[in-house]
Amino acid sequence: QKGTKVPSKRKQNTSIVTSDLLHKNLLKSEQKNWNNISPTYKAMTKRIKEKLEELHNMYTLNSRSPRMRFGENVYFEENGSIFLAKADDGEGNAKILFSVEDLGFSDAFIQRIRISPDQRYMAISLKSENSEEAICIIMKLGHLPFVEKVIPSVFSFEWAANDVLYYTTQKNLKCQNVFMTTFTDQKHTKLVYTEQDARFFVDLYCTKDRHFLTINSNSKTTSEVWLVDCRHPFESPALVQARTTGVIYHIEHRKDQLYILTTYGEPAEYKAILTDNYIHRINLDAYCRSYRNSKLMKAPVASSGKENWQLVYALEKKTKLVDFEMFSDDCIMFLKNAGHLYLNVISFVSYSVQSIKLPTWACEFELESHPEHTTSTCYFQLSSPVHPPKRFAYSFKENNLIEQAVQEVPIITNCHTTRLLAKSKDETLVPITVFHNKNSKELHRRPLLVHVYGAYGIDLNMSFKEEKLMLIEEGWILAYCHVRGGGEQGLSWHRDGCQQNKLKGLHDLRACITLLHQLGFSQPKHTALAAASAGGVLAGALCNTDPALIRAMVLQAPFIDVLNTMMKTHLPLTIEEQEEWGNPLEDEKCMKYIKSYCPYQNIKPQCYPSVFITAYENDERVTLPGILQYVQKLRKAALDHASRTSKKGNWIPNIILDVQANGSHCDSSWEHSLNE
370 QKGTKVPSKR KQNTSIVTSD LLHKNLLKSE QKNWNNISPT YKAMTKRIKE
420 KLEELHNMYT LNSRSPRMRF GENVYFEENG SIFLAKADDG EGNAKILFSV
470 EDLGFSDAFI QRIRISPDQR YMAISLKSEN SEEAICIIMK LGHLPFVEKV
520 IPSVFSFEWA ANDVLYYTTQ KNLKCQNVFM TTFTDQKHTK LVYTEQDARF
570 FVDLYCTKDR HFLTINSNSK TTSEVWLVDC RHPFESPALV QARTTGVIYH
620 IEHRKDQLYI LTTYGEPAEY KAILTDNYIH RINLDAYCRS YRNSKLMKAP
670 VASSGKENWQ LVYALEKKTK LVDFEMFSDD CIMFLKNAGH LYLNVISFVS
720 YSVQSIKLPT WACEFELESH PEHTTSTCYF QLSSPVHPPK RFAYSFKENN
770 LIEQAVQEVP IITNCHTTRL LAKSKDETLV PITVFHNKNS KELHRRPLLV
820 HVYGAYGIDL NMSFKEEKLM LIEEGWILAY CHVRGGGEQG LSWHRDGCQQ
870 NKLKGLHDLR ACITLLHQLG FSQPKHTALA AASAGGVLAG ALCNTDPALI
920 RAMVLQAPFI DVLNTMMKTH LPLTIEEQEE WGNPLEDEKC MKYIKSYCPY
970 QNIKPQCYPS VFITAYENDE RVTLPGILQY VQKLRKAALD HASRTSKKGN
1020 WIPNIILDVQ ANGSHCDSSW EHSLNE
């Protein structure tokens, strides 16, 4: 068009070069600052490191990795090696099949293991700390196992048959293609499915009875499932139910019936999580199929459309389904209600439901792998931030819960667990879980570490961490605020804290900290706030609105510039994250709303708490430039405030950034997390 100026490529390139140079200079400046400051903490670091190593050796090394039983064979992984033992022979006689080091990947860890039905092949995914992408290695098992095939950039994979593997590929944090590869005489690989919608993420799952492999395409609000019949793995996948906005569902199979966990109908309280801002290394499957209060329905395989779905069981309101496992005659639902964990055992034979409450200290489930759906026992582990994983079993035959004997591990007896409810600005009651040492006196003088997340419908991480137990032993109070935006109380809890409701999560956090102080759990000058990833939004927002509530803030790979990130559609997650944060590019109201709470946008000269941030050079989800700019802006605001006020004893906060060369978005090895 006449008169329109098109920016020259030279100017665009100059702008990019200038920006890169600025970020490099900022990084050098922060690294220099860290090198100057870190020696101050040398003695404390040494003491903490020794204590954490002691706790790690005492607890974590005694916990065992999941076992996979196929007939008489038991497979398991320990320290990067794959072992094979006979079920009746004891694990003392287990033999090593191969190790990660044998494969030439000494710096990688095993993320996922899948064994072919006839046990001739084993597929494993290996991931290094410095990358989000994993490689899949297919081993031919036998007297001398060897590498049959290596597939790069793989996210999920499942065996459809003895020699047919389906897998998804990952590119720029997205999974949209499904491939099938065969290990028959006529080896070949072909594309089976492609997802066209950028908001959707594809993963694979095998039904418990191995009749079907499911191709699951999910956005944050909607899902669609395709079935591959494992008896005919070369046939085209069949659609279960076409995607319907707002309807999420997950498929299991039993005796020619599909069992469907779904939000379909009212009340809808089920949620599948597919884009958490961090992936837990240990439980990848739970990451791919987490649930938020659902109904269990069923339909014939031959007529699987939602018009044929019949209700089997509906959960109570505000009850969250954490995990679900199908067996030949029963299914087990792992549930959470008002912070308490319990399990429901549904019998398909007697049509009965038995509810079993689990120990009050338990905050997290981890279901162990049960490849044989005909087994009579379900094994799982329970833990909390200060209780190491403890193994339990539910016996279908005896209809009871059994605590499994383990090696001699000290029992945590001096930690008290309290559950509270804080009244938020709109009168909503927000759950808080508090841990403290039973022997602690004058709790109002004790230091308090508050944790928050509140995004994506994901629960606050409450798995066991050695450093949490260390803090309890040293007299700290730990509080976990289950604010809106998270998934602790179902789908509505998430909806009430996302998009145009994000400020509700901030109000919840403020109410939680205020209540803790009112009840005598510490006081503002002894309170620190901790958050990771998307939890940085609420933590950073509180730091701007209520800095006097806390003395320090600790952030790990924090998401702190929502507005600028959501304006950049070229970034890998921006489009699919619009369902969580909104679309400021097309909605001015949304842009103003994000701007009202975005941590980076609302920094101003005032007395801030001290801030410690850990970031990762290789982080693809929360990139380093945004964090560098946040730190610079925050430090300048704090100094501006200090220069304007000349009060006696004026306090200038420490604002420290530690940039880790290794690790990728909150996913570090034990050694690196220990250094952090």
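Numbering (our numbering), first residue to last: 370 to 1045. Glycine residues also receive a C-beta, built at the ideal position from the N, C-alpha and C atoms. On a predicted model such as this, the values are computed, not experimentally measured, just so you know.
Cβ neighbour criterion (16 or more within 10 Å) applied to residue i
| i | result |
| --- | --- |
| isoleucine 771 | exposed |
| threonine 576 | buried |
| tryptophan 845 | buried |
| histidine 557 | exposed |
| glutamate 857 | buried |
| aspartate 699 | buried |
| aspartate 877 | buried |
| histidine 820 | buried |
| tyrosine 720 | exposed |
| tyrosine 535 | buried |
| asparagine 587 | buried |
| serine 1012 | exposed |
| methionine 491 | buried |
| glutamine 925 | buried |
| histidine 813 | exposed |
| glutamine 939 | The identity of residue 939 in the sequence shown is histidine, whereas the question assumes glutamine. Result: exposed. |
| asparagine 404 | exposed |
Coil, strand or helix - residue i by DSSP
| i | result |
| --- | --- |
| histidine 863 | helix |
| arginine 579 | coil |
| arginine 612 | coil |
| glycine 855 | strand |
| glutamine 488 | coil |
| histidine 601 | coil |
| tryptophan 595 | strand |
| proline 669 | strand |
| aspartate 956 | coil |
| arginine 661 | Legend: pLDDT at arginine 661 = 49, less than 50; position of this residue unreliable, value from coordinates given subsequently. Coil at arginine 661, not helix or strand. |
| valine 799 | strand |
| alanine 477 | strand |
| glutamine 925 | strand |
| serine 1012 | helix |
| aspartate 1048 | Not covered by the structure: residue 1048. The range shown for the chain is 370 to 1045. |
| arginine 990 | coil |
| cysteine 912 | helix |
| alanine 917 | helix |
| tyrosine 720 | coil |
| alanine 1006 | helix |
| aspartate 828 | coil |
| glutamine 998 | helix |
| leucine 1052 | Nothing can be reported for residue 1052, as the shown portion of the chain is limited to 370 through 1045. |
| leucine 704 | strand |
The alpha helix (DSSP H) enclosing residue i, as first and last residue numbers
| i | result |
| --- | --- |
| threonine 883 | 871–887 |
| serine 764 | It is not in any alpha helix (DSSP H) - serine 764 instead sits in the beta strand (DSSP E) that spans 756–764. |
| histidine 1041 | 1039–1044 |
| glutamate 735 | Run containing glutamate 735: none in the alpha helix (DSSP H); it sits in the beta strand (DSSP E), 733–736. |
| leucine 847 | Element bounds for leucine 847: not the alpha helix (DSSP H) but the beta strand (DSSP E), 846–850. |
| lysine 837 | 835–842 |
| leucine 727 | Neither: leucine 727 is in no alpha helix (DSSP H) and is coded neither H nor E. |
| leucine 680 | Counting along the chain, leucine 680 falls outside any alpha helix (DSSP H), though it belongs to the beta strand (DSSP E) covering 679–683. |
| methionine 935 | 931–935 |
Segment limits, beta strand (DSSP E) that includes residue i
| i | result |
| --- | --- |
| asparagine 769 | 769–772 |
| glutamine 750 | 746–753 |
| lysine 810 | Lysine 810 -> no beta strand (DSSP E), and no H or E assigned at all. |
| isoleucine 629 | 626–631 |
| alanine 824 | Unbroken run through alanine 824: none, as it is neither H nor E. |
| cysteine 784 | 784–792 |
| valine 1028 | 1024–1029 |
| glutamate 948 | From DSSP, glutamate 948 is part of no beta strand (DSSP E) but of the alpha helix (DSSP H) over 947–950. |
| threonine 896 | 896–901 |
Distance between beta carbons of residue j and residue i, contact taken as under 8 angstroms
| i | j | result |
| --- | --- | --- |
| glutamate 989 | glutamate 501 | 5 angstroms |
| leucine 842 | asparagine 806 | The question names leucine, yet the displayed sequence has glutamate at residue 842. That belief holds up - the Cβ atoms of glutamate 842 and asparagine 806 are roughly 7 angstroms apart, short of 8 angstroms. |
| glutamine 465 | phenylalanine 452 | Before going further, note that residue 465 is isoleucine rather than glutamine in the sequence given. Going by Cβ atoms, the distance from isoleucine 465 to phenylalanine 452 rounds to 6 angstroms, so yes, they are a contact pair. |
| leucine 630 | aspartate 692 | Not quite, the Cβ-Cβ distance comes to about 11 angstroms (not below 8 angstroms), so this is no contact. |
| phenylalanine 804 | valine 852 | Not really, about 18 angstroms apart at Cβ, beyond 8 angstroms. |
| alanine 903 | tyrosine 825 | 6 angstroms |
heavy atom of the ligand GDP below 7 angstroms from residue i C-beta
| i | result |
| --- | --- |
| glycine 855 | For the structure depicted, the ligand GDP is absent and the ligand set is empty, with no information on it obtainable. |
Enumerated in chain order, which unbroken segments of the beta strand (DSSP E) with a length of 3 residues or greater are wholly contained in the stretch 511–587? Segments of the beta strand (DSSP E) lying fully in the stretch 511–587: 515–530, 533–540, 543–551, 558–563, 570–575, 581–587.
Runs of alpha helix (DSSP H) lying entirely within the stretch 399–475, each at least 4 residues, in chain order: Runs of the alpha helix (DSSP H) inside the stretch 399–475: 411–427.
Going along the chain, which unbroken runs of the beta strand (DSSP E) with 3 or more residues stay wholly within the stretch 955–987? Positions of the beta strand (DSSP E) runs, each at least 3 residues long and wholly inside the stretch 955–987, are given as 979–985 in order along the chain.
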